[in-house]
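Visitor: First, the structure itself, so that you have it in front of you.
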């Protein structure tokens, strides 16, 4: 039981890293990975948003939409995307207000990248993957504890956030050292960052296949 | 029938979510409120938004905050110019008097063929380094031509032609980055009281006798300009200097005619930059 949960976490962090395997969330990844402390802050913000968004959307998806579907035959699946984006936007607003009050320097340094988490594909991707990976309630699967599925979805959300944090902190560390290297003039900035990201992705490919 | 129920339930679900988030965010806004001076946002809106750093602050938002806190002057934005400064002064409730914009002027007109070279140079290729290492050309005051100013300019306003920077005054935002980048302080920031301004395009303070070997187009400190337009020109330490405070009262063109090495040249949008 615990092993299964740990496997979900490990898969999300290392094997199916949202940035380096699925190439989602590249905007903050390239934009905020200049310094390690900023990268860590962004990673934590994304983790928080992802966890809350994943849980909330799981609840709505599986306790309201699914219940209405199987219990009453009313299919509200068309609302899924709208509700997901709605919840994510609201959560990001909360994070923004929180950061502005308690970490104003971090808020200033993030600038536009904080509200950009809202439209970021990695958050929506995590929410939608929960359906794809089967951490939701499916009709015909009786006897499955609701809380067990919720735990899976929650850990998936946390794992994706931690995976994003890992990837962005790695990139920040590399970029801080790249500052002292002789990068060709036309590659400086985003160019060399993308190339480094590609090499990192290739390195992380070594994990694929573990866990099936 | 079932369609009606579906629609009603969909509406109810969205409404329920909307209410939930309205209440949550409303409470959060009150509990997590941060007091911000509204003037900061008003100033931020009228700034050009180039985030060039020419004002000395780290971007337009920082500049707006610094102005409201009184740390930077209202006329501090070189890109916005007099119009923006007047508006900022209006928001802050102070009087504003327009000054002249400080525009960059390259005080050297020596192309690669005009300069006397000395040692062969095989190093990194930046002006900063070449200035410290020294010895690659005879003129120790003049432009080295490796383009530190060109690298510093974020607006593509500088082009390097034959080892000399040429400024495109249409693209230049007067941010001052080129002036800061030049290790020999060749790019000066001059108050432009008109579209085109004359300047002495030489920074060399070696005596006149030595100049004819060092550079064909440098200032030999003969004093002809001072004789032609005395209020404007003065020869100090082997170099002619233009007094920009007296510029509006006098005309430098007779001095430019008399100059034997033609080192007093016009700069600006209508001038023929070297």
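Residue numbers (our numbering), protein chains in the order written: chain A, 90 to 301; chain B, 5 to 278. Virtual Cβ for every residue (Gly too), placed ideally from N, Cα, C.
Compute the Euclidean distance between the alpha carbons of residue 119 of chain B and residue 243 of chain B, then round it to the nearest angstrom.
Guide: The straight-line gap from Cα to Cα measures roughly 18 Å.
Visitor: Cutting at 6 Å between CB atoms, please list the residues of its own chain near residue 250 of chain B, excluding the five before and the five after it.
Guide: Here the set comprises 235 and 236.
Visitor: Between the Cα of residue 36 of chain B and the Cα atoms of B:6, B:221 and B:28, which residue gives the shortest distance?
Guide: Checking every option, the nearest Cα to that of residue 36 of chain B belongs to B:28.
Visitor: Interface residues of chain B around residue 278 of chain A at Cβ under 8 Å?
Guide: None at all; the shortest Cβ gap to chain B is about 12 Å.
Visitor: Under the three-state reduction of DSSP, which class applies to residue 130 of chain B: helix, strand or coil?
Guide: It is coil, neither helix nor strand.
Visitor: Tell me the DSSP bridge mates of residue 267 of chain A?
Guide: The partner list for residue 267 of chain A (beta bridge, DSSP) is empty, contrary to what the question assumes.
Visitor: Go through the stretch 202 to 264 of chain B residue by residue and report every complete run of the beta strand (DSSP E) that reaches 3 residues or more, in order.
Guide: 237 to 240 and 243 to 246, all fully within the stretch 202 to 264 of chain B.
Visitor: Leaving out the 5 sequence neighbours to the left and right, which residues in its chain are closer than 8 Å to residue 142 of chain A when beta-carbon positions are compared?
Guide: These residues qualify, in order along the chain: 173, 176, 177, 180, 212, 215, 216 and 246.
Visitor: Closer than 8 Å is the cut-off here; do at least three beta carbon pairs connect the stretch 152 to 171 of chain A with the stretch 12 to 24 of chain B?
Guide: Contact holds: three or more Cβ-Cβ distances are below 8 Å.
Visitor: In the stretch 178 to 189 of chain A, which residues sit with their C-beta less than 8 Å from some C-beta in chain B, listed in chain order?
Guide: Those residues of the stretch 178 to 189 of chain A that come within reach of chain B (Cβ to Cβ, closer than 8 Å) are 179, 182, 183, 186, 187 and 189.
Visitor: Of all Cβ atoms in chain B, is any one closer than 8 Å to the Cβ of residue 175 of chain A?
Guide: Taking Cβ atoms only, chain B reaches closer than 8 Å to residue 175 of chain A, which makes this a yes.
Visitor: Taking 8 Å as the cut-off, decide whether the C-beta atoms of residue 131 of chain A and residue 257 of chain A are in contact.
Guide: Yes, they are a contact pair.
Visitor: Applying the 10 Å Cβ sphere with the 16-neighbour rule, what's the burial state of residue 273 of chain A?
Guide: Answer is exposed; the Cβ neighbour count stays below 16.
Visitor: Of the residues B:202, B:233, B:175 and B:216, which one's Cα is nearest the Cα of residue 110 of chain B?
Guide: When each option's Cα is compared against that of residue 110 of chain B, the closest is B:202.
Visitor: Taking any Cβ of chain B, which residues in the stretch 215 to 227 of chain A have a Cβ under 8 Å from it, in chain order?
Guide: Result list empty, no residue passes.
Visitor: Classify residue 283 of chain A as buried or exposed, calling it buried when 16 or more other Cβ atoms lie within 10 Å of its own Cβ.
Guide: Result: exposed.
Visitor: Rounded to the nearest angstrom, how far is the Cβ of residue 107 of chain A from that of residue 252 of chain A, given a contact under 8 Å?
Guide: Their Cβ separation, rounded to whole angstroms, is 6 Å, which keeps residue 107 of chain A and residue 252 of chain A in contact under 8 Å.
Visitor: Is the beta carbon of residue 228 of chain B closer than 8 Å to that of residue 263 of chain B?
Guide: It is a contact, given that the beta carbons lie within the stated cut-off.
Visitor: Using 8 Å for Cβ pairs, my map puts residue 143 of chain B next to residue 218 of chain B. What's the rounded Cβ distance?
Guide: Rounded, the Cβ-Cβ distance is 5 Å, consistent with contact.
Visitor: For residue 104 of chain B, which residues in the same chain have their Cβ closer than 7 Å to its Cβ, ignoring the five residues on either side in sequence?
Guide: Once the five neighbours on either side are set aside, the close Cβ partners of residue 104 of chain B are 195, 196 and 197.
Visitor: Are the stretch 57 to 68 of chain B and the stretch 78 to 86 of chain B touching by the rule of at least three beta carbon pairs closer than 8 Å?
Guide: The stretch 57 to 68 of chain B vs the stretch 78 to 86 of chain B: in contact.
Visitor: Strictly under 8 Å for the Cβ-Cβ distance: is residue 201 of chain A near chain B by that measure?
Guide: No, its Cβ sits nowhere closer than 8 Å to a Cβ of chain B.
Visitor: Kindly list, in the order they appear in chain C, the residues whose Cβ is closer than 8 Å to that of residue 163 of chain A.
Guide: No chain C appears in the structure shown, which is made up of the protein chains A and B.
Visitor: If we count the other Cβ atoms within 10 Å of its Cβ and call it buried at 16 or more, is residue 211 of chain B buried or exposed?
Guide: That one is exposed.
Visitor: What does residue 152 of chain A reach in chain B if we use C-beta pairs closer than 9 Å?
Guide: What residue 152 of chain A touches in chain B: nothing, since even the nearest Cβ is about 12 Å away.
Visitor: Got a sec? Which residues, its chain only, sit under 7 Å from residue 102 of chain A by beta carbon, not counting five neighbours each side?
Guide: The answer, listed in chain order, is 248, 251, 252 and 255.
Visitor: Would residue 205 of chain A count as contacting chain B if we go by Cβ distances under 8 Å?
Guide: No, residue 205 of chain A does not count as interfacial toward chain B.
Visitor: In its own chain, which residues sit with a C-beta less than 7 Å from the C-beta of residue 139 of chain A, not counting the 5 before and 5 after it?
Guide: Once the five neighbours on either side are set aside, the close Cβ partners of residue 139 of chain A are 212, 215, 246, 249 and 250.
Visitor: Quick check: is the beta carbon of residue 172 of chain A nearer than 8 Å to any beta carbon in chain B?
Guide: Residue 172 of chain A counts as touching chain B.
Visitor: For residue 169 of chain A, which option in A:238, A:235, A:150 and A:125 has the closest C-alpha, if you only look at C-alpha atoms?
Guide: That would be A:150, whose Cα lies nearest to the Cα of residue 169 of chain A.
Visitor: Taking the alpha helix (DSSP H) that residue 127 of chain A belongs to, which residues open and close that run?
Guide: Looking at the DSSP string, the run of the alpha helix (DSSP H) that includes residue 127 of chain A is 125 to 148.
Visitor: Residues in its own chain within less than 8 Å of residue 45 of chain B by CB, not counting five upstream and five downstream?
Guide: The residues are 68.
Visitor: Closer than 8 Å, CB to CB, is residue 76 of chain B near chain A or not?
Guide: No, no contact with chain A.
Visitor: Would residue 156 of chain A be called buried (16 or more neighbouring beta carbons within 10 Å of its own) or exposed?
Guide: That one is exposed.
Visitor: What does residue 308 of chain A reach in chain B if we use C-beta pairs closer than 8 Å?
Guide: Past the edges of chain A, shown from 90 to 301, lies residue 308 of chain A, and the structure says nothing about it.
Visitor: Between residue 165 of chain B and residue 171 of chain A, what straight-line distance do the alpha-carbon atoms span, to the nearest angstrom?
Guide: Rounded to whole angstroms, residue 165 of chain B to residue 171 of chain A spans 57 Å at the Cα level.
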